[in-house]
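The next block holds one structure in the form of structure tokens; read it before the comments.
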Amino acid sequence: MSQLQSLRGMVDLLPEQTRRWQAVETVAREHFRRSGLAEIRTPLLEVTELFARGIGEGTDVVGKEMYTFLDRGERSCTLRPEGTASVVRAALQHGLLSQGSQKLWYAGPMFRYERPQAGRQRQFHQIGVECLGVSSARSDVEVIALAWDLLADLGVQGLELQLNSLGSREDRQRYRLELVSWLEQRVDRLDAESQKRLSTNPLRILDSKNTQTQALLGEAPTLLETLCEESAARFSEVQALLSQLAIPFTCNPRLVRGLDYYGHTAFEITSEHLGAQATVCGGGRYDELIQELGGPATPAIGWALGMERLLLVLEVAASADPSGAAARLTAGSSPTVYVVNRGAPAEAAALQLARALRAAGVAVELDGSSAAFGKQFKRADRSGAPWAVVVGEDEVNSGILRLKPLQREGEEQRLPLLDLTALLQRLG
RNA sequence: GCGGGCGUCGCCAAGUGGUUAAGGCAGCGGCUUGUGGCGCCGCUAUUCGGGGGUUCGAAUCCCCUCGCUCGCCCCA
Numbered sequence: 021m022s023q024l025q026s027l028r029g030m031v032d033l034l035p036e037q038t039r040r041w042q043a044v045e046t047v048a049r050e051h052f053r054r055s056g057l058a059e060i061r062t063p064l065l066e067v068t069e070l071f072a073r074g075i076g077e078g079t080d081v082v083g084k085e086m087y088t089f090l091d092r093g094e095r096s097c098t099l100r101p102e103g104t105a106s107v108v109r110a111a112l113q114h115g116l117l118s119q120g121s122q123k124l125w126y127a128g129p130m131f132r133y134e135r136p137q138a139g140r141q142r143q144f145h146q147i148g149v150e151c152l153g154v155s156s157a158r159s160d161v162e163v164i165a166l167a168w169d170l171l172a173d174l175g176v177q178g179l180e181l182q183l184n185s186l187g188s189r190e191d192r193q194r195y196r197l198e199l200v201s202w203l204e205q206r207v208d209r210l211d212a213e214s215q216k217r218l219s220t221n222p223l224r225i226l227d228s229k230n231t232q233t234q235a236l237l238g239e240a241p242t243l244l245e246t247l248c249e250e251s252a253a254r255f256s257e258v259q260a261l262l263s264q265l266a267i268p269f270t271c272n273p274r275l276v277r278g279l280d281y282y283g284h285t286a287f288e289i290t291s292e293h294l295g296a297q298a299t300v301c302g303g304g305r306y307d308e309l310i311q312e313l314g315g316p317a318t319p320a321i322g323w324a325l326g327m328e329r330l331l332l333v334l335e336v337a338a339s340a341d342p343s344g345a346a347a348r349l350t351a352g353s354s355p356t357v358y359v360v361n362r363g364a365p366a367e368a369a370a371l372q373l374a375r376a377l378r379a380a381g382v383a384v385e386l387d388g389s390s391a392a393f394g395k396q397f398k399r400a401d402r403s404g405a406p407w408a409v410v411v412g413e414d415e416v417n418s419g420i421l422r423l424k425p426l427q428r429e430g431e432e433q434r435l436p437l438l439d440l441t442a443l444l445q446r447l448g
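Quick note on our numbering: the first sequence kicks off at 21 and runs consecutively.
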């Protein structure tokens, strides 16, 4: 096809979809407001080094998925593949951390050069939360609860919260050695991909999808068993607090996040309705990132949820329960008044009237077709508007407009064309 | 980067070597030149993602290419 089209993995949001996104964003904003989070907006483009250092040179995201190029000043720039590094950079750059802990949220597009598939695009969108300067187990749970409650409020069904602790840096180092030596004695039972990872990134073997490897891992030592006393106590506290809030969770010792900066609490909220890309929301604690990016040692935790995946799950929920919260979110909106108008003087008067009604806060659809009244009424009906206002030649001449109820039975009323107050009263 | 599936009107879709390329939705016009929701009538693809080839003849077979899609990988 020679017709120009969007780049691969870059998706248009048509009006119907955009409406749903806005509904989700509105609910999210309200949750953030109640939780005392402030919005932050950072550039889409950053110096490449930010992500290389922040996310980790060895990660797939940095190694092969970034949109990186030289700008006209020969600087290496990268379209952000995630939000956390930018938020931390901005906080450091503007000295936010010296004003105490920061509770922030953001929303916007992220870019990763991957093969698109269900729930995965090259430009995708996240809503994320970052709490900088908080270290307690309680803060972990507060942040997780925020995500959980937001999703519940949206009416999403069938979610599972998976929880793990990656422990401290020392815990992970100790465990890595232990795991590697254990696996090395059983290399022959590992799939090829995992054998390669044994030397590059052994912890990632844990969430291999190879069934044989998974079976083997069932016998392997787990990270949780290797946690030092302090890390273990911390993890217990997180679980206890979650239970207190009656937020159900599953401990998953195989849950390993793909970005290097995570430690201690790590979690994912997954849906059974999403196919291979099941994670709707993922996050965890990153106590070492801020230092890594040149700031003071500052504990932090955050999460990000994938808008496209959330919308996918929301549509499932909406069709499963047509009267539920998800369905209400995805519903369209109709104008209050549809103005049927025809003939040059009438069309001018109708334009004036529509403008005045709009100024008074009424949603007005003004038919612009000059088509026969029958056609215009047909469209008026389809628009879902409860009222039609008719302005034609007769109405302009007499100065009396007609107001007709559409969705229900009722008499057509006559009102002075210039008496906006009377009209607004009838519209309720 | 590697595998599988698929590309016929804005959307859904029939057609699998010879048909005037069905049908539905949406759109437009009319029945109804000033009153909707229903109905009826008409119009809307010289062309089947693109390019080559086979054939008397191709949307239908072959090759290449582009795109979409699902999965691996990875992640939200």
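Every residue gets a Cβ at the ideal spot worked out from N, C-alpha and C, and that includes glycine.
Classified as buried, Pro-319 has 16 or more neighbouring CB atoms from the shown chains inside 10 Å of its CB. In the structure shown, the three-state DSSP call for Tyr-195 is helix. Taking a 10 Å sphere around the C-beta of Arg-446, we find fewer than 16 other C-beta atoms and assign the residue as exposed. Contact holds between the stretch 292 to 307 and the stretch 326 to 340, because three or more Cβ pairs, one in each stretch, are under 8 Å apart. Classified as buried, Phe-144 has 16 or more neighbouring CB atoms from the shown chains inside 10 Å of its CB. Nearest neighbour of Glu-249 by Cα position, chosen from Ser-106, Tyr-358 and Ser-188, turns out to be Ser-188. Apart from the 5 residues on each side of it in sequence, Ala-346 sits with its Cβ closer than 6 Å to the Cβ of Gly-175, Leu-334, Ala-337 and Ala-338 in its chain, given in chain order. About 7 Å separates the Cβ atoms of Ala-340 and Gln-177, confirming a contact at the 8 Å cut-off. Per DSSP, reduced to three states, the secondary structure at Leu-65 is strand. Three or more Cβ pairs drawn from the stretch 179 to 188 and the stretch 288 to 297 lie within less than 8 Å of each other, which places the two stretches in contact. Distances from the alpha-carbon of Arg-375 to those of Arg-362, Leu-438, Phe-393 and Gly-404 put Leu-438 closest.
Here Ser-96 carries a strand assignment [DSSP, helix/strand/coil]. DSSP places Glu-257 in the helix class (H, G or I) of the three-state scheme.
Here Gln-137 is near Ala-296, since their CB atoms are less than 8 Å apart. When secondary structure is reduced to three states using DSSP, Gln-182 falls in the strand class. Only residues of its own chain outside the window of five on either side were considered, and among them Leu-112 have a CB closer than 6 Å to the CB of Gly-315, listed in chain order. Judged by DSSP secondary structure, Asn-361 falls within the beta strand (DSSP E) whose first and last residues are 357 to 361.
In the DSSP assignment, the residues bridged to Cys-301 are Ile-289 and Leu-325. Contact between the stretch 198 to 209 and the stretch 370 to 384 is not established, with fewer than three Cβ pairs separated by less than 8 Å. Per DSSP, Ile-420 is one residue of the beta strand (DSSP E) stretching across 420 to 425.
Per DSSP, Gly-430 is not a residue of any alpha helix (DSSP H), being assigned neither H nor E. Three or more Cβ pairs closer than 8 Å define a contact, and the stretch 98 to 118 falls short of that threshold against the stretch 41 to 52. By the C-beta criterion, the stretch 411 to 425 is judged to be in contact with the stretch 351 to 365, since at least 3 inter-stretch pairs fall below 8 Å. In the three-state reduction of the DSSP assignment, Ala-58 falls in the strand class.
In the structure shown, Gln-25 adopts coil according to DSSP, grouped into three states.
In this structure, the CA atom of Arg-39 is about 21 Å from the CA atom of Gly-29. Look at Leu-90 here: in three-state DSSP terms it is strand. By the criterion of a C-beta distance shorter than 6 Å, Leu-262 is surrounded in its chain by Val-161 and Phe-269, once the five residues flanking it on both sides are discounted. According to the DSSP assignment, Glu-162 belongs to the alpha helix (DSSP H) that extends over 157 to 173.
When secondary structure is reduced to three states using DSSP, Phe-393 falls in the helix class. Assignment of Gly-187 by DSSP, reduced to helix, strand and coil, places it in the coil class. Gln-122: member of the beta strand (DSSP E) spanning 122 to 131, first to last residue.
The shortest CA-to-CA distance from Tyr-133 to any of Val-82, Lys-216 and Glu-431 is the one to Val-82. Apart from sequence neighbours up to five positions away, the residues of its chain that approach Asn-272 with a beta-carbon distance below 6 Å are Gln-182 and Asn-184, ordered along the chain.
For Ala-442 and Thr-356, the gap between their C-alpha atoms comes out near 16 Å.
A Cβ-Cβ distance of about 7 Å is found for the pair Ser-228 and Asp-211, placing them in contact under the 8 Å criterion.
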